[in-house]
Amino acid sequence: MSSDPSSTMMKRLNKRMTDMEAKLAEESKLRMGLEAKLAEERKMREELGEELRASKEAVNTVTFKYSKGWRAIFQLGALVTPALAALGFFRQNEKLLLTARNFAVFSEVCTLLALGANPKNFGSWEEKAYIVTSFMTWPLSTFTFGLGLSRVEDPTAVKMGKMDMMIAIFVMLVGLPGILSVFKLFSKLPDAKLSGAMLFLFQSAVSILGSLLYVSSSSFRCVINSDKNVGSIVDQCGNPMQPANVVSTYLIIAWIMRYLFAPLTDATNQLSWKNVMELRMSKMQFTQGALFSTMSLLTMVIFANTNENGTEFDDFLHLLVTSFNLVMFVYVTLLFSEFAFKKLFCKRTTTTRDDTTESDNSGTFGLSEAGMSSGML
Numbered sequence: 001m002s003s004d005p006s007s008t009m010m011k012r013l014n015k016r017m018t019d020m021e022a023k024l025a026e027e028s029k030l031r032m033g034l035e036a037k038l039a040e041e042r043k044m045r046e047e048l049g050e051e052l053r054a055s056k057e058a059v060n061t062v063t064f065k066y067s068k069g070w071r072a073i074f075q076l077g078a079l080v081t082p083a084l085a086a087l088g089f090f091r092q093n094e095k096l097l098l099t100a101r102n103f104a105v106f107s108e109v110c111t112l113l114a115l116g117a118n119p120k121n122f123g124s125w126e127e128k129a130y131i132v133t134s135f136m137t138w139p140l141s142t143f144t145f146g147l148g149l150s151r152v153e154d155p156t157a158v159k160m161g162k163m164d165m166m167i168a169i170f171v172m173l174v175g176l177p178g179i180l181s182v183f184k185l186f187s188k189l190p191d192a193k194l195s196g197a198m199l200f201l202f203q204s205a206v207s208i209l210g211s212l213l214y215v216s217s218s219s220f221r222c223v224i225n226s227d228k229n230v231g232s233i234v235d236q237c238g239n240p241m242q243p244a245n246v247v248s249t250y251l252i253i254a255w256i257m258r259y260l261f262a263p264l265t266d267a268t269n270q271l272s273w274k275n276v277m278e279l280r281m282s283k284m285q286f287t288q289g290a291l292f293s294t295m296s297l298l299t300m301v302i303f304a305n306t307n308e309n310g311t312e313f314d315d316f317l318h319l320l321v322t323s324f325n326l327v328m329f330v331y332v333t334l335l336f337s338e339f340a341f342k343k344l345f346c347k348r349t350t351t352t353r354d355d356t357t358e359s360d361n362s363g364t365f366g367l368s369e370a371g372m373s374s375g376m377l
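Note that the sequence shown covers residues 1 to 377 in the UniProt record's numbering.
Next up, the structure:
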C-alpha cells in the first residue's frame, strides 16, 4: 500500500519545524551565554575602574601631604622662639632672650616642616602667603632677640646680638627666596618621587628635632641656673651656649641638604663617589666640598671644647665660632644660588649618554645624589 502524500508532507514539515525550533533554542542559548559573559566583563571593568579611582584618590589625599593637625603641631613648635624673643625683648629679660636664642634652630626646623606640609598646593596664593608669613617669623624672631642682647651691658652679649641680627638679615635676603624656590621645585616633582620625598621628610622630624633638643639641653640648663649676682649670664654660660648654637646650625644645614635638596636632584646631574675620589669635579663643586668639610671640622672642634657645666666664652672659642659663621654664610649662599635659583630659573640642556661624564661634573657637591648627602650627615 502506498502512503498518503499529505501525511508524508506533514511529517516532513513537522520535522523541519522541530529542527528549526532546536536551532533557535540553541542560538538563544548562545546569545544568553554571550550576554552573560559581556555583563560579567562590564562588571569587572567597573570594579577595576572603581579600584583605580580609589587608589588615585588615596594617593592624592594621603601620600603627597600630611594632615592639618601635624602642620598645626609643627607651627606651634615654630612659634616657641618668636614668643620667647618678644617676651624677653619687651621685659628686657636676658634669660628669656638667651632661651629664645637657644631654641631658635629647633623652631626653624619646625617652621620648615610646617611649610613643606602640602607642596602640591604651592600654586595657590593662600599657600604662598602662608609660606612667606610663617617663614618671616624665623628672621624676625632672630633679629628681635639679637636686638635685645645688643642692649644689655655685657660686651660679649652685645657681640652675640649683633651677629644674630646679621644672621637675620642674611636669612631674609637669601633664605626666603631660596626656600620659595625649593618648594616650587618640590611641587613639580613626579608623583612617585614626591611621595617618597614627603615620607622621608616626615620621618626625619623625630630624629632632627630630638637631636636639636638634646644639643640645646645643656645650655638651657645653664641659663636657667645662672645667677646674675655672680656675674653676667654670658660669662657663666657662654660655653656651652655658643657651641650648642654652632652644632644646631650645622645640623639644620645638613638636614636641609638631605631632605629638601637631595630629592630635587635628577639622575643626569649626579656626582659619583668615583669622581670624588679622583677629584674629577668642577671648581664650584670643589669649593662647596671644601667649605662643607671646613664647617664639619670647625663643628667638631667647637663641640669638643663644650663645657656643659658652664664657663665664659673665651677668645679661642670666639675665633672658632666667628670662622664657622663666615664659612657658613659663604656655603649657604653658594648652595642656594647654584642649586635652587639656578635650577629654577636657568634652562636645562639635554644630555646624551656620551655626555654622562661631563654632566656628572656639573652638579652641586653634597646634593647630587641622596647617598652622598646622607653620607655627610
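No residue lacks a Cβ here, since even glycine has one placed at the ideal position from N, Cα and C.
None of these values were measured; they are calculated from a predicted model.
- Proximity to Phe103 across Trp138, Tyr130, Gly123 peaks at Trp138, based on C-alpha coordinates.
- Per DSSP, the continuous alpha helix (DSSP H) segment holding Asn102 begins and ends at 94 to 102.
- Around the beta carbon of Leu84, 16 or more other beta carbons sit within 10 angstroms, so the residue counts as buried.
- Annotation for Asp315: the continuous alpha helix (DSSP H) segment containing it runs 315 to 335.
- When DSSP states are grouped into helix, strand and coil, Thr265 belongs to the coil group.
- About 15 Å separates the beta carbons of Phe261 and Ser187, which is beyond the 8 Å limit, so they are not a contact pair.
- With fewer than three CB-CB distances shorter than 8 Å, the segment 224 to 231 does not count as touching the segment 193 to 212.
- For Glu127, the uninterrupted alpha helix (DSSP H) segment begins and ends at 125 to 149.
- Classified as exposed, Lys68 has fewer than 16 neighbouring CB atoms from the shown chains inside 10 Å of its CB.
- For Lys68, the enclosing alpha helix (DSSP H) stretches over residues 68 to 78.
- Annotated three-state conformation of Thr306 is coil, per DSSP.
- Counting the other CB atoms within 10 Å of its CB gives Ala22 a total below 16, which places it among the exposed residues.
- Distance from the CA atom of Ile73 to the CA atom of Glu278, rounded to whole angstroms, is 46 Å.
- Annotation: the continuous alpha helix (DSSP H) that includes Asp191 extends over 191 to 225.
- Between Ser217 and Phe106 a beta carbon distance of about 11 Å is seen, past the 8 Å cut, so the two are scored as non-contacting.
- Contact check for Ser219 and Ala197: beta-carbon distance about 33 Å, past the 8 Å limit, so the pair fails to qualify.
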